[in-house]
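Residue numbers (this note's numbering): 1 to 317.
Cβ coordinates follow ideal geometry from the N, Cα and C atoms, glycine included.
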Ligand SMILES: [Zn+2]
């Protein structure tokens, strides 16, 4: 099922990233000024457009498209969608917005990381005209109509331009990737710490900011709604601290990336047993949120704080 009604006129859209169900979501908030949160990849844009049609959103209806950050699984479809929905404004944090206007640098660095996988899986982020792009500062407000708004909060750490969004009516908090990944099937949490921006301290601050906003529900881009706020945010913190510790161990044992991946998979086998016991599910999420990319991202941050230069190599997937 592509569209799931979550109540309060909120609809979860399965973007079917890479053809997989249930790994990357977009959300539509319906009302007099309909807003799409997250676009999914460029390759997902047709899926998202037909899902929006299914909930009654036609070409001229969509008022805003907002992305939590400009990674390709969240914003890759932005150019396709702004061209399909001519009245929609495209909204992102000011540190990320320029990539939506001119994606060339972002695409070049994605190409270095993903190689040929980029075209197969993600597709090309197309530019959106500058006059349609709205840049947010540390806080902002997106009008949803009828007194309802999405209040935006700068929440860096996973990416230096990441934001969280709170729905004034439903109390939903769109967490993007700032609190990691949540796998509904097994209630497993995983960190999302890819290069080049990941920073532990800043990520932890953003998670505490989320807690202080007292949301009623967390809406994960990967994947879906969660209502146990404190337990889940505590889980996000625990995951981050654990993985940082594991990468520190790998560095002290001078492991290369392949051995670091094996070591971390071994040491977390019991923790993620329910996930690993379902090889298809585990494979889907490994493709989205790979152990290697998490290790490389954490390592890069540790290099910065320890002023060291420990190289696992560039393989980030
Ligand atoms: Zn993501």
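Item to complete: Would you list the residues whose beta-carbon is nearer than 5 angstroms to any heavy atom of ligand 1, in the order they occur in the chain?
Response: 73, 177
Worksheet item: Using the C-alpha atoms, what's the distance from residue 233 back to residue 227?
Response: 11 angstroms
Worksheet item: With respect to the alpha helix (DSSP H) encompassing residue 267, which residues constitute its N-terminal and C-terminal limits?
Response: 257–267
Discussion item. Which runs of the alpha helix (DSSP H) at least 4 residues long sit entirely within the region 141–227? Give them in chain order.
Written reply: 200–212
Worksheet item: Roughly how many whole angstroms lie between the Cα atoms of residue 52 and residue 58?
Response: 7 angstroms
Worksheet entry | Integer-rounded CB distance, given that residue 106 should sit under 8 angstroms from residue 85 | Actually they do not touch by this definition, with Cβ atoms about 21 angstroms apart.
Discussion item. Considering only heavy atoms of ligand 2, does any lie closer than 7 angstroms to the CB of residue 61?
Written reply: This structure simply doesn't include ligand 2; it includes ligand 1 instead.
Worksheet entry | Per-residue DSSP class, three states only, for residue 84 | helix
Item to complete: Return the CA-CA distance between residue 314 and residue 257, expressed in angstroms with no decimal places.
Response: Residue confidence for residue 314 is low, a pLDDT of 49 falling below 50, so the modelled location carries little weight; the figure read from the coordinates is stated next. Going by the C-alpha atoms only, they are around 9 angstroms apart.
Discussion item. Under DSSP, the beta strand (DSSP E) around residue 89 begins and ends at which residues?
Written reply: 89–93
Discussion item. Going by the DSSP bridge assignment, what does residue 25 pair with across the sheet?
Written reply: 14
Discussion item. Can you list, in chain order, the residues of its chain with a C-beta nearer than 7 angstroms to that of residue 5? Leave out the 5 residues immediately preceding and following it.
Written reply: 11
Worksheet entry | Cα-Cα separation, residue 43 to residue 168 | 31 angstroms
Fill in: Residue span of the alpha helix (DSSP H) that contains residue 66, given as start and end
Taken as a continuous stretch (DSSP letters only), residue 66 belongs to no alpha helix (DSSP H), being part of the beta strand (DSSP E) at 64–66.
Worksheet item: Leaving out the 5 sequence neighbours to the left and right, which residues in its chain are closer than 8 angstroms to residue 130 when beta-carbon positions are compared?
Response: 101
Discussion item. Tell me the residue span of the alpha helix (DSSP H) that contains residue 19.
Written reply: Unbroken run through residue 19: none, as it is neither H nor E.
Worksheet item: So, is residue 338 buried or exposed, given that buried needs 16 or more other C-beta atoms within 10 angstroms?
Response: There is simply no residue 338 to check, as the chain begins at 1 and stops at 317 in what is shown.
Worksheet item: Is residue 306 buried or exposed, if buried means 16 or more other CB atoms sit within 10 Å of its CB?
Response: exposed
Discussion item. With three or more beta-carbon pairs closer than 8 angstroms as the criterion, would you say the region 260–276 touches the region 207–219?
Written reply: no
Discussion item. Helix, strand or coil, according to DSSP, for residue 5 in the structure here?
Written reply: strand
Worksheet item: Between residue 300 and residue 246, what straight-line distance do the alpha-carbon atoms span, to the nearest angstrom?
Response: 14 angstroms
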